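Quick note: the sequence shown uses full-length UniProt numbering, first residue 1, plus one each step.
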Amino acid sequence: MARNGSARRLQRFMMQFLEVVIDASEDELEDFRDEALNPMTIIAWLHEAWRGLRNGIKKKGVARSIPSIILMLACPVLIPLAWLAAFLGYLLLSSPTVIGFLKRVLAYLERRTKKKQDIAFRDKFFLPIPKASGEHKQKAASESLAHRTDKFFLLPPELRYQILDDAFGGRTLHMSLEYQYPFYMAMFERYDDPRFGCHAKIERLVTVKDSHLRTKEPKQWVWFGCVCHRSSCHASRTARYLDKFGDINGIVSRDSDAPCEPKDDRCLEGIARCKEWPGIWPEKCQIGILGWLLTCRQAYFEGSSVLYRNNTINIASPALHRSIQDVLPQQALCNMTSLEFVWDLDRVPLDEAFRTASKKRAREHSSPLFPSMTNLRVAFSKSSRDASSLGLDRHDMHWTEIKKALLGQLFPMVDDFLERVVPSTTDVVISCPSWSWYSAIDLILIDKQGKDVSMAQHSSFGGTKFWRQSPRHEVTSPQTRDVQTLEEGTQSETLRTGFWIHTSDRQIRHASRGANETQVSHHPNHLQPVFSSSGKVPGPTAWSASRLPFVFALLRGTIVHDFQDLHRRYGPVLRTAPDEVTFAQPDAWADIFQLRPGHQQFLKDPIWWKRQPGKPDSLISAIDPESHARVRRALAPAFTTRALRSQEHVLYRYVNLLVERLQETVKARPQEAEHAVVDMSPWFNFTTFDIFGDLGYGESFDCLQNSRYHPWISLLFNSVKAASYVAAARYYPVVEYLLLKCIPASLRKMADDHYRQIVDKVDRRFNWELDRPDIMSHVMKVKDEPEGMTTDQIYATFMVLTTAGSETTATVLSGTLNYLTANQDKLRKLESEILRAFQSRDEIKLDTLKDLAYLNAVIREGLRLCPPIPWMLPRQVPPPGDTVCGVWLPGGTSVSIQAYTMNRDPRCFHLPTSFVPERWLPEALTDNNSVFYKDQRHGLQPFSVGPRNCMGQHLAMAEMRLILASLVWTFGFQSAGPQLRWEDLRTFLLVEKKPVNVRMKLRDRSLRPSPA
């Protein structure tokens, strides 16, 4: 063994020496002749050596300088010999004949070395059942006979397959093959932390002294496989340790449902937390199939089939990326159904992957290489972000150059790679190595493919994904395909028309918090203000530097849609002004609006909630918590479920009146027309305003009776829009002062008339005695008590409640009906549920409507896509500052929640822009196989949360259930022309609605379904 090792080391030295000699250029030989063979060079060297010897004798003495003296005395003999050898070498290397001979010698040595490596490479994959010989033949024959009578093999094949699947399937397995030093299998603790136990050590890490690599032995092809033990996100929250790759704590996803990304997996480097996994080492790191495979040939055949078919194989080995077909039999490749590739584009370009130089191998393997593949995920490694093979390794590259490299070079290679490797029905996901890749591709493909095809969606393994259409096929929306699959309950067998582009949750958080952001301490003294020069909250430069872009968007009515576009580009945390941050994260509801122990309350921003000059605070405008609580206590009894039951008859009366007026409208259509075209938007407003007028003031506004708005309501709509303009002016006190001075007298008179009308209505109600309780009756009970509301507060509060209790409900009804008519399959389901539940319209009662699952799901979906208040107006961070979603914000910062953006965010909802009520059904909440199981439903809070949530939410839900059920029971609806795009509506505090035209006809009672 020692002689063999010395021979191998000598051979490696000779090969390295020959490579240097052969690669030497003519210029280098001339330099060698001029310097090494020049006598003056030798004399100069001797002079320096003599000076060094004299200095050494002076410092160390003669006795300690004897070796140097002997060497100096030998120079007259050694130097001529060395000069002669160098001269002969120069003559030989100058001869083409000698160089040619050396090249042939080097080629021979390289072929010999490569042959040995290939033999060792192939030996790793021989079948584990060698030919029996000698005394083992009889034993092998007996085992072969035993398996025929073994009880296990008498079981039906399906049952055997299920047992093997439970034993050896359902895991993610590593397959690694590297040419390196052998290693020891050992279990030890890293960083003196018992949580970080290593199950393998096949790569030397800088921070680990004992690498477990047998470096004294020669390198060889090392095969290794194990169960993937990706880091547990629960353990990573408190543990921090470093290796040569940086902070490993940042690698692990903080979402408990999201696993680590394949490119972040550290199993093969020994960093996986094996001790956290149940079981005994090393068995828990393996699936224990080898002993079963060695039992007999039938066990080997069935076991290997399960091993490859029922597990996800993770391959990060460049050797396997290049030539897996040279080392695995064809049957193994045909059995593989799920693969994860961690790919380094510089080590193995995609166009060089899975290429074989053997024509025989090429004929043996089918095309595609993995014909049974159903799921393929290609995760590009972190180093691929700056891949030199794509020209991305240059500094300060413009984004247009990155775009050109990705779309012009990478995607054509990916298309060709997929054609060669997997069938067209495989679900393919390409995971980006960085947010810069994902965002660049996203913006480009939106322009190229359109938003419908490129719409981002929630990914089942965390993060978001969007569809990249293959240029060889026609454009097909993946959303449409997914919805169809959901409805039919079958998997579509259509051809692959593209693949998914994916980014992880960590990359999204990384982009939203800044690339260099460190973990935030909860002590204010350890934090930098987010608005300092080094602030890390992302946002466009113009918005971060000035309030003007915010104001212009507010005045245009596009602020909600502008926020959505910016959140999509910069992430869920967005800086929209020098002192304002918006959030599109579900957890922000609790951090901003709820009372948190140990935290001060976030009060309303006075810019938006400042009361009108000369007017008292209302329920909405009261900033002081005590003042708000006093008003709320006075109103609370009027909005309880008990109060709602006593007011049901008011709702029934006006909903029946709505149905009667619509029946008259439908019957008045021309005789030749089968349907009547009706704009439902004003009819919903008529109904909700009449209901609140009766409940609040004891008298209706008579909108339904007269089929038009009350003049006071028309003024109310204009005042809501004007409030946005006034709020915009408040950001600039001078502008606000000039605006108030420049208001025409006619507008001032209009505002005074508006206020006087509400005063008259309230005063009339004070003088009435009703035989039934209403909202005002509860207020009047405590009006004269110390805790009651003053008369001026009642005026101001009821003016706001009239809008909040009417317009918002009508907005949701308009949007929901608009989506129902555009999705007739959903409308048919709703009709079926309602018509089976009620045989007459008189049977429709609120208690029964609460139990109709699909009706309530439709309303929840309408609230998601058509929120009545698209963005929750700002609150202020209390001094000295606080955290929201882990981001520290200084005191005085305005913070808000973008409900519209969050409701359409693929990180929160699957198929975010599609109207799919099924996401709210009970089975979607409990069935983990549902595509909507991971929807973040707690992000939908249309009535807000905390001590200032909507008091009238029970009344609003009752109105929506009753109105929608009564209309669907009575009429058939169809869309009248192009669907109204809710995304195109402007927002001024509330949504500025457009006509919702539908085609209506009375139902044929003879066609009603029988009750369930």
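We put the CB at the ideal spot given by N, CA and C, even for glycine. Remember, it's a predicted structure, so these values are computed and weren't measured experimentally.
Helix, strand or coil at residue i according to DSSP, with G and I counted as helix
i, result
"residue 885", "coil"
"residue 692", "helix"
"residue 317", "coil"
"residue 902", "helix"
"residue 499", "strand"
"residue 125", "With a pLDDT of 41 at residue 125, under the threshold of 50, the predicted position of this residue should be treated as unreliable, though the coordinate-derived value follows. Note: residue 125 maps to coil in three-state DSSP."
"residue 818", "helix"
"residue 890", "strand"
"residue 226", "strand"
"residue 442", "helix"
"residue 354", "coil"
"residue 829", "helix"
"residue 179", "strand"
"residue 910", "coil"
"residue 676", "strand"
"residue 164", "helix"
"residue 934", "coil"
"residue 172", "strand"
"residue 376", "strand"
"residue 622", "coil"
"residue 384", "helix"
Where residue i falls, given that 16 or more other Cβ within 10 Å makes a residue buried
i, result
"residue 898", "buried"
"residue 790", "exposed"
"residue 640", "exposed"
"residue 54", "exposed"
"residue 912", "buried"
"residue 66", "exposed"
"residue 993", "buried"
"residue 705", "exposed"
"residue 228", "buried"
"residue 215", "exposed"
"residue 536", "buried"
Pair within 7 Å by beta-carbon distance, residue i and residue j
i, j, result
"residue 342", "residue 384", "no"
"residue 676", "residue 1000", "yes"
"residue 599", "residue 882", "yes"
"residue 320", "residue 177", "yes"
"residue 446", "residue 655", "no"
"residue 547", "residue 588", "no"
"residue 915", "residue 823", "yes"
"residue 582", "residue 907", "no"
"residue 440", "residue 403", "yes"
Span of the beta strand (DSSP E), counted from its first residue to its last, around residue i
i, result
"residue 874", "872-876"
"residue 987", "986-988"
"residue 580", "580-583"
"residue 427", "427-431"
"residue 999", "997-1002"
"residue 338", "338-343"
"residue 468", "464-469"
"residue 575", "573-577"
Unbroken alpha helix (DSSP H) run spanning residue i, endpoints
i, result
"residue 414", "411-421"
"residue 737", "733-742"
"residue 560", "559-570"
"residue 303", "297-309"
"residue 292", "290-293"
"residue 661", "648-667"
"residue 840", "Unbroken run through residue 840: none, as it is neither H nor E."
"residue 971", "Segment 971-975 is the beta strand (DSSP E) holding residue 971; no alpha helix (DSSP H) there."
Original post:
Counting pairs of beta carbons, one from the stretch 165-181 and one from the stretch 294-312, are three or more of them closer than 8 Å?
Top reply: Yes: at least three Cβ pairs fall under 8 Å.
Original post:
Counting pairs of beta carbons, one from the stretch 640-649 and one from the stretch 826-840, are three or more of them closer than 8 Å?
Top reply: No, the stretch 640-649 does not touch the stretch 826-840.
Subject >> Touch test, the stretch 462-469 against the stretch 914-921, Cβ-Cβ under 8 Å, three pairs minimum >> reply: Cβ pair count under 8 Å is below three, so no.
**OP:** Decide if the stretch 951-965 is in contact with the stretch 883-899; the criterion is three or more beta carbon pairs, one per stretch, under 8 Å apart.
**Re:** Because the criterion of three Cβ pairs below 8 Å is not met, the stretch 951-965 and the stretch 883-899 do not touch.
Subject >> contact_flag[the stretch 801-818, the stretch 776-788] where n(CB pairs < 8 Å) is 3 or more >> reply: No, the stretch 801-818 does not touch the stretch 776-788.
Original post:
For the 8 Å Cβ check, are there 3 or more pairs between the stretch 865-885 and the stretch 807-815?
Top reply: Judged by Cβ distances under 8 Å, the stretch 865-885 makes contact with the stretch 807-815, as three or more pairs qualify.
**OP:** Check whether the stretch 411-424 touches the stretch 364-379, counting contact only when three or more Cβ pairs, one atom from each stretch, lie closer than 8 Å.
**Re:** Contact holds: three or more Cβ-Cβ distances are below 8 Å.
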